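K.L.:
For the sequence shown, this note's numbering assigns the number -10 to the initial residue and increments by one for each residue that follows.
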Amino acid sequence: MRSGNLANVAEQALGKNDSQLTARGRATRERILRAARDMMYVKGVSSTTLDEVRAASGTSKSQLYRHYPDKDALVRDVVALQAAELLERQHQLLQRLNSVRGLERWRDALIEHNALRNGAYGCPLGSLASELADQDEEARKAIARHFDTWEGLLDAGLERMKASGVLRADADAGELATGLMAALQGGYLLAQTAQDVKPMRIALDMAIGHVKAYAVLA
């Protein structure tokens, strides 16, 4: 998913492309959605009620239900917005990935950001997956697509490293990308439970070490 498409996903969730909404209506929808996104990330989807979202967004019940007649509709847009914003950040970090040092900078950026909250709350996308994958098939499919996009950014970078001779020709970029993503998500979970990013760093260091095993010796 390209950067422009990510913006379209976010704008659709926010109602910016809905010609039936007034500017005030779009602003109200955005307040509701961003309040719901923040609350569901911190409290979890199941623990966040529509009444809490209404209070946090400063909207009336009629305004809330005009945009979101049920919680499922709101959750779908939360998934879309959370994914679009996360993947836009990842696109900026990975669009020019072409070296092992670039992978290390990607690792450092993720760890530094997660350290700001001592690992609390986990991955913005992974936390949604853990709650919704077994409960909401539509949400599961959407989250799976977003993870595929994220992994694809890593895959593309690793392919560039192969093409430029940084990695050996027998390196399987797809498998290495999956390993990096698995290490990242496991690292997020362990950092969340430990309230410490050290396990996340260890997991990513080991996954990057596996990539380095395919590096062409100078």
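Using N, Cα and C, we set each Cβ at its ideal position, and we do this for glycine too. Only a predicted model underlies this, so the values are computations on that prediction, with no experimental measurement involved.
1. Between L165 and R96, is the Cβ-Cβ spacing less than 7 Å?
2. Kindly indicate which three-state DSSP category L86 falls into: helix, strand or coil?
3. For S(-8), which of helix, strand or coil comes out of DSSP?
4. Can you name the start and end residues of the alpha helix (DSSP H) that T48 belongs to?
5. Which ranges does the alpha helix (DSSP H) cover as unbroken runs of at least 4 residues, wholly within the stretch 20 to 68, from first to last along the chain?
6. Out of curiosity, what's the CA-to-CA distance linking Q9 and L86?
7. Less than 6 Å between the CB of N87 and some heavy atom of the ligand MG, yes or no?
8. To the nearest angstrom, how far is the alpha carbon of V31 from that of A45?
9. Check whether chain C comes within 7 Å of I132, counting only Cβ atoms and requiring the distance to be less than that.
10. What do you reckon, are the CB atoms on R157 and Y110 nearer than 7 Å?
11. Consult DSSP for L178 and reduce its assignment to one of helix, strand or coil.
12. Does M195 pass the burial test, meaning 16 or more other C-beta atoms within 10 Å, or should it be called exposed?
13. Compare the C-alpha of E101 against each of V186, H199 and T11 and name the closest.
14. Look up A202 in the DSSP assignment and say whether it is helix, strand or coil.
15. Counting only the same chain and skipping the five closest in sequence on each side, list residues whose C-beta sits under 7 Å from that of D39.
P.N.:
Once the coordinates are examined:
1. By the CB criterion at 7 Å, L165 and R96 fall outside the cutoff.
2. If DSSP states are grouped into helix, strand and coil, L86 belongs with coil.
3. Unreliable positioning characterises S(-8) in this predicted model, as indicated by a pLDDT of 48, which lies under 50. A coordinate reading is not provided.
4. No alpha helix (DSSP H) holds T48; DSSP gives it neither H nor E.
5. Counting only runs of 4+ residues, the alpha helix (DSSP H) found wholly inside the stretch 20 to 68 occupies 39 to 46 and 50 to 56, in chain order.
6. Distance between the alpha carbons of Q9 and L86 is about 41 Å.
7. Ligands displayed in this structure: none; no statement on the ligand MG is therefore possible.
8. V31 and A45: Cα-Cα distance of roughly 13 Å.
9. Although the question refers to chain C, the structure presented lacks it and comprises just one protein chain.
10. Taking 7 Å as the Cβ cut-off, R157 and Y110 do not qualify as a contacting pair.
11. L178 falls in the helix class under three-state DSSP.
12. Per the 10 Å Cβ criterion, exposed.
13. Nearest C-alpha to E101: V186.
14. For A202, the three-state secondary structure derived from DSSP is coil.
15. At residue 39 the sequence reads Leu, which differs from the Asp that was named. Excluding sequence neighbours, L39 sits near L53 and K60.
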